[in-house]
Amino acid sequence: MLAWLSAIALASSPVAAGDRPGQEIVQIREGAPVTIRPDRAYLIIRVHKPKGVPTFEPVLMRIPARAEMDAYNVAKAQAFAEAEPKLKAERERALARKSQAEAAGKKFNGDIPPVPSLETFNFVYAGTLNVNAIANNWPFVKGQPDSLFLVETLPGDFVLYGASWGMGWQGLHVCFCLGTVGFTAKAGEVTDLGTFYADAAKSKSIVPELAAETGFGPSSDTPNVLIAGTVRPVAPGTALPPALAGVTVVRGEYRAVGKYFNPNAGGVNRLVPVPGVLSYDRGKVIDVKSGKEAPGAYPFR
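So the sequence shown is numbered by numbering that gives the first Met the number 0: it starts at 0 and just counts up by one.
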């Protein structure tokens with residue numbers, strides 16, 4: 000499990016679709032034709048941003064298939080084999096400088112690289128990015144306070160991984176590693192995920208869905224602004240844009256996801272409870288549907 004999470008973490012710097020090779024999501028912009036491909040899944044999500052609330056973006060992670068993880072592990076092993084001689088030489092040179100300084104009675108202030116290993120190797124994967132932010136500047140329908148986004152992606156199981164600031168550099172600014180939700184998106188289907196809500200956690204939010212878990216004060220920002228977020232499933236009868244007339248849309252079914260590890264996030268929080276889906280009992284993440292503690296992101300099913 001940890002190996003899988005570490006592998007994903009190394010590739011978890013989400014950027015706007017089309018900005019990097021291997022990006023697996025495509026945001027369908029306003030006015031663009033909608034063609035449902037049988038080999039792709041489609042997601043509808045609304046982002047709630049009332050006046051006075053900063054812009055934040057949901058970050059989604061598609062859980063990789065075993066074949067994808069195998070390809071990642073092979074690529075990492077090959078890259079490490081190529082880099083290992085250089086890494087060893089760098090470590091030996093640093094140790095030699097340390098010995099020379101100590102022999103001369105001087106203090107050594109340099110860094111000693113760790114013993115090279117596959118586990119600690121800083122590997123940047125060139126394959127498909129399975130962690131992606133939904134860019135706020137590419138809505139399918141722009142509105143106030145809610146804008147609707149339509150995303151084409153690979154089908155599979157997803158986790159609402161965290162949130163990103165909606166301006167400047169995109170990244171996993173806050174990971175919902177202490178509890179979140181997941182869902183399944185099937186090929187050839189359009190899945191409506193309802194509405195995503197987010198705000199800075201240090202001040203009491205004007206968003207009712209976030210009020211209970213905001214207002215923590217500036218000490219909650221360590222070092223980045225802590226983001227509070229949650230979702231609400233789509234309500235029956237919710238109107239869809241005319242451009243989706245004739246398209247069959249299914250209601251997304253959220254499920255609780257327990258704690259998981261990500262070393263690259265700028266901050267860590269838990270998703271604000273989702274009625275009927277996600278709650279907490281002290282430090283435990285509770286699957287409301289079963290009444291039991293929720294499993295982590297891996298394995299998902």
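Ideal Cβ positions, reconstructed from N, Cα and C, are used throughout, including at glycine.
- Per the coordinates, the alpha-carbon of L177 lies some 28 Å from the alpha-carbon of V189.
- Pairing F107 with A210, the inter-Cα distance amounts to about 51 Å.
- In this structure, L153 lies near A40, with their beta-carbon atoms less than 9 Å apart.
- Per DSSP, S98 is one residue of the alpha helix (DSSP H) stretching across 65-102.
- With a cut-off of 8 Å on Cβ pairs, the region 278-298 is in contact with the region 249-256, counting three or more such pairs.
- The beta-carbon distance between F139 and I27, rounded to whole angstroms, is 6 Å. This is short enough to meet the 8 Å contact definition.
- With a beta-carbon spacing of about 7 Å, V33 and L243 fall inside the 8 Å limit used to define contacts.
- With a contact defined as Cβ atoms closer than 8 Å, A74 and G126 qualify at about 7 Å.
- Within the same chain, A40, P154 come within 7 Å of K185 by CB-CB distance, once the 5 residues on both sides are set aside.
- Of the candidates G30, A199, V246, the residue whose Cα lies closest to the Cα of G214 is A199.
- According to the DSSP assignment, P57 belongs to the beta strand (DSSP E) that extends over 55-61.
- Between the C-alpha atoms of L59 and E23 there is a straight-line separation of about 11 Å.
- When the beta-carbon positions are compared, I35 and V173 stay at least 9 Å from each other.
- For S163, the enclosing beta strand (DSSP E) stretches over residues 155-164.
- Here V46 is near F195, since their CB atoms are less than 9 Å apart.
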